[in-house]
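Asker:
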Amino acid sequence: MAQVKSGDTVRIHYTGTLTDGTVFDSSEGREPLEFTVGSGQIIPGLDKALPGMAVGEKKTVVAVADEAYGQPDPNARQAIPRDQIPADIPLEVGLMLEMRTPQGQSMPVTVAELTDDSVTLDANHRLAGHDLTFAIELVEIV
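So the numbering used here is basically just the index in the sequence shown, starting at one, shifted up by 4.
Below, the structure is given as structure tokens:
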């Protein structure tokens, strides 16, 4: 039976959970996730668990924060004057916004703090700093 090796394109079903069991993402009800093993298309902790798997095989993989979305970067947080946010946006902590970089690229940010004068925006990935658990099933080696 064929086994996955680096460079193979594979399709997996997965459910990702936090350490408290909260599901943060799943392919349930969708097409399997397709990617090339070893190409950097998925987080390293999951990518390195696939070589050697056979079609139909299931496993549980723990990706520690450093092999998932990394640790939160304090430099990715920035306080800006509140009046620089359009008045029609109802600000609240946890609100996801989209900013544009000086190069015109879209960048998701989260409202982390609010004061009367400023809004602190956080550009860290929402899963930065979290260990992630994935229940995976290898559906196909394409």
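The C-beta atom is built at its ideal place from N, Cα and C for all residues, glycine as well. From a predicted model like this one, the values you see are computed outputs, not experimental measurements.
#1: Given SER110, which residues of its chain have a CB within under 6 Å of its CB, disregarding the five upstream and five downstream residues?
#2: Rounded to whole angstroms, what's the CA-CA distance from ASP121 to ASN79? Just pull it up for me.
#3: Taking all protein chains shown into account, do 16 or more other C-beta atoms lie within 10 angstroms of the C-beta of GLY44, making it buried, or fewer, making it exposed?
#4: Could you tell me whether the Cβ atoms of ILE1 and ILE16 are closer together than 8 Å?
#5: With TYR18 and SER31 assumed to form a contact (beta carbons below 8 Å), what rounded beta-carbon distance in angstroms separates them?
#6: Check whether the Cβ atoms of VAL41 and VAL65 lie closer than 8 Å to each other.
#7: Beta-carbon within less than 7 Å of LEU118's beta-carbon, same chain only, minus the 5 sequence neighbours each way: which residues are those?
#8: Going by DSSP, which residues form a beta bridge with LEU101?
#9: Between the stretch 43 to 61 and the stretch 81 to 90, are three or more C-beta pairs nearer than 8 Å?
#10: Is it buried or exposed for ASP87, if we count other Cβ within 10 angstroms and need 16 for buried?
#11: Exposed or buried, which one is MET5 when buried takes at least 16 other CB atoms within 10 Å?
#12: Tell me whether GLN82 sits in a helix, a strand or coil according to DSSP, three-state version.
#13: Run through DSSP, which three-state label would ALA139 get?
#14: Are LEU142 and VAL14 close, meaning C-beta to C-beta below 8 Å?
#15: Here's a check: name, in chain order, each residue in its chain whose Cβ is nearer than 7 Å to the Cβ of PRO112, leaving out the five neighbours to either side.
Answerer: So, to answer that:
#1: GLU102
#2: 20 Å
#3: exposed
#4: The requested residue 1 is not part of the displayed model; the chain covers only 5 to 146.
#5: 5 Å
#6: With a cutoff of 8 Å on beta-carbon distance, VAL41 and VAL65 are scored as not near each other.
#7: LEU95 and VAL97
#8: VAL113
#9: no
#10: exposed
#11: MET5 comes out exposed.
#12: strand
#13: strand
#14: yes
#15: MET100 and GLU102
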